[in-house]
Amino acid sequence: MRFILNVLWFIFGSGFLLALGYGLAALVCFLLIVTIPFGVAALRLAVYAMWPFGRTVVSSPGAGVGSGLANILWVVLAGWWLALTHLLAGVAQCVTIIGIPFGIANFKLVPVAFWPLGREIVDLD
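Numbering follows UniProt numbering, in which position 36 of the sequence shown is assigned residue number 36; successive positions increment by one, without gaps.
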């Protein structure tokens with residue numbers, strides 16, 4: 001079931017577009033060198049946005065103060081509008097019965113888009 005939901009999400013639920021957008025943001029972050037940690041986080045978001053079903057986000061136990069400070073910078077520059085976009089897309093997708101799983105997937109992306117550093121994406125199994 002997860003595979004079917006992931007394929008449908010990739011095609012119809014904007015998984016491809018989200019992954020492409022996060023991948024492009026990662027490329028820009030890598031080119032700017034100083035923002036490489038944000039690029040790594042954007043790549044993590046791209047993979048999670050491409051196949052969200054069957055995965056979850058957990059806090060990384062080794063994340064330190066630097067991760068928290070970088071997250072504050074992330075929230076100011078990009079996190080708040082990314083989280084808001086996922087929230088609005090989730091509400092719009094939950095309007096129909098067929099779109100409810102896709103809306104839930106967008107809601108799962110809100111916390112990691114808002115505060116990505118110091119988190120890991122793990123399988124539910």
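For each residue, glycine too, the CB sits at the ideal point set by N, CA and C. What you are looking at is a predicted structure, and each value in this text was computed from that prediction instead of being measured.
The distance from the Cβ of Ala26 to that of Ala49 is about 12 Å, inconsistent with a contact at the 8 Å cut-off. The stretch 70-89 makes contact with the stretch 104-118, as at least three CB pairs between them are under 8 Å. Distance from the Cα of Ile11 is smallest, within the candidate group Pro52, Val34, Gly39 and Phe30, for Pro52. Here DSSP, grouped into helix, strand and coil, assigns Val57 to strand.
Boundaries for Ile98: no alpha helix (DSSP H) harbours it, and the DSSP string shows neither H nor E there.
If the five residues before and after Gly23 are omitted, its C-beta is found closer than 6 Å to the C-beta atoms of Ala46, all from its own chain and listed in chain order. Between Gly103 and Val91, the gap from beta carbon to beta carbon is short of 8 Å.
In the structure shown, Val122 adopts extended strand secondary structure according to DSSP, grouped into three states.
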